[in-house]
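The structure appears right after this line, and notes come after that.
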Amino acid sequence: SLLIEDGNRLVLVDAGLGDKQSAKFFRFFSRWGEHNTDASLTAHGFNRDDITDVLFTHLHFDHCGGATKRDGDKIVPAFKNARFWCQKDHWEWATISPNPREKASFLKENLEPIKDSGQLTLFAGREAGFCKELGFEMLLVDGHTEKMVLPKINYKGKTIIFAADLVPTVGHIPIPYLMGYDIRPLVTMKEKGLLLNDAAKNGYLFFMQHDAHNEVVSLKNTEKGICLDQSISLKNL
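Here our numbering runs 123 ahead of the position in the sequence shown, where the first position is 1.
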């Protein structure tokens with residue numbers, strides 16, 4: 124996840140896996156490290172109630188599970204003051220008739236409480252109103268899942284692309300190296316090739332959502348293709 128503070132807006136891009144699932148669930152999907160949402164927010168002087176917006180790149184459980192929590196015998200939004208934003212076509216892809224390959228990744232307990240809360244806003248295309256206010260745009264890609272959102276953020280004169288599951292780790296920078304979860308692998312390769320070349324040409328940085336060792340990276344074009352240039356800590360940008 125990535126926390127963006129701008130004026131009176133505090134935006135969380137994706138919400139991680141969360142902690143409401145059973146011990147059996149976490150035996151299959153183990154969380155790395157000891158970090159959690161509350162500790163991370165506290166370290167930066169915030170708490171859950173300060174979050175004004177949560178933007179989902181997509182609705183696989185490891186990206187939206189932390190947007191809800193258990194409250195007694197109910198599951199409720201984990202950010203009571205936030206507006207939740209999701210791309211409309213992707214929401215329908217995940218909720219109306221999910222395909223057999225992805226169905227197990229679109230968990231009702233992650234999605235229905237947000238819809239029922241009245242805090243959900245679906246946006247068409249690739250624009251959500253608050254993005255213009257914050258000065259960033261969104262790219263849409265279809266290889267990993269239908270209409271996954273990649274926020275393109277301007278920060279201190281630099282452009283950072285939240286790479287989500289298109290380029291989840293440094294190990295996925297080579298174009299043929301894909302996630303096994305991609306629903307359209309050849310589309311992923313095409314989308315990744317275009318984005319990597321654009322990033323290397325224009326000096327864009329990638330935020331690596333699933334990489335335990337690299338937060339932000341720059342890229343360079345070599346005779347062997349696009350490669351890692353530098354690994355950068357967010358605090359050093």
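Beta carbons: idealized from backbone N, C-alpha and C, even for Gly.
Nearest neighbour of residue i, chosen from the options [CA to CA]
i: Phe285; options: Leu319, Phe169 and Lys211; result: Leu319
i: Arg307; options: Lys270, Lys192 and Gly139; result: Lys270
i: Pro196; options: Phe329, Gln144, Tyr304 and Gly303; result: In the sequence on display, residue 196 carries Asp and not Pro. It is Gln144 whose Cα lies nearest to the Cα of Asp196.
i: Val177; options: Ala146, Ala247, Arg150 and Pro274; result: Pro274
i: Val136; options: Ile283, Leu342 and Ala335; result: Ile283
i: Tyr327; options: Asp352, Arg206 and Tyr304; result: Asp352
i: Val317; options: Val340, Asp173 and Asn344; result: A small fix is needed here, since residue 317 is Leu in this sequence, not Val. For the residues Val340, Asp173 and Asn344, the minimum Cα distance to Leu317 belongs to Asn344.
i: Lys279; options: Ala146, Lys358, Asp194 and Phe152; result: Lys358
i: Gln210; options: Cys254, His295 and Val272; result: Val272
Spatial neighbours of residue i in its chain, beta-carbon cut-off 8 Å, leaving aside the 5 residues before and after
i: Ala201; result: Ala138, Gly141, Thr160, Arg171, Gly189, Ala190, Thr191 and Lys192
i: Glu250; result: Glu260 and Met261
i: Asn372; result: Past the edges of the chain, shown from 124 to 360, lies residue 372, and the structure says nothing about it.
Three-way DSSP call (helix, strand, coil) for residue i in this model
i: Gly139; result: strand
i: Leu182; result: coil
i: Thr268; result: coil
i: Phe285; result: strand
i: Val293; result: helix
i: Asp196; result: coil
i: Leu260; result: Sequence check: residue 260 is Glu here, not Leu. Glu260: strand per DSSP, three-state reduction.
i: Thr362; result: Nothing about residue 362 can be read from this structure; the chain reaches only from 124 to 360.
i: Ser220; result: coil
i: Ser86; result: Outside the shown range of the chain (124 to 360) lies residue 86, about which nothing can therefore be said.
i: Gly348; result: strand
i: Lys275; result: strand
i: Thr175; result: coil
Euclidean distance between Cα positions of residue i and residue j
i: Asn222; j: Leu262; result: 23 Å
i: Asp129; j: Ser163; result: 18 Å
i: Ala323; j: Lys313; result: 16 Å
i: Thr180; j: Glu346; result: 32 Å
i: Leu245; j: Ala335; result: 31 Å
i: Glu235; j: Ser356; result: 36 Å
i: Ala247; j: Lys238; result: 17 Å
i: Asn131; j: Tyr300; result: 40 Å
i: Val362; j: Ser354; result: Any property of residue 362 remains undetermined from this structure, which presents the chain solely from 124 to 360.
i: Asp321; j: Cys187; result: 28 Å
i: Gly241; j: Tyr304; result: 30 Å
i: Ala205; j: Phe169; result: 14 Å
Contacting residues, own chain, Cβ-Cβ under 6 Å from residue i (five flanking each side not counted)
i: Asp185; result: Leu140
i: Asp265; result: Val310
Close Cβ partners of residue i (< 7 Å) along its chain, the five nearest in sequence each way excluded
i: Lys381; result: Shown here, the chain extends from 124 to 360; a query on residue 381 therefore has no answer.
i: Ser228; result: His183 and Phe184
Cβ-Cβ distance between residue i and residue j below 8 Å
i: Leu133; j: Thr175; result: yes
i: Met331; j: Thr292; result: yes
i: Glu232; j: Ile198; result: yes
i: Leu342; j: Cys350; result: yes
i: His361; j: Leu126; result: Nothing about residue 361 can be reported from this structure: the residues present for the chain run from 124 to 360 only.
i: Phe207; j: Leu243; result: yes
Closer than 7 Å: residue i CB and nearest the ligand PLP heavy atom
i: Ala205; result: Of the ligands one can find in the structure shown there are none, so the ligand PLP has no counterpart to examine.
Short CB-CB distance (under 8 Å) between residue i and chain B
i: Pro299; result: Note that chain B does not occur in the displayed structure, where there is just one protein chain.
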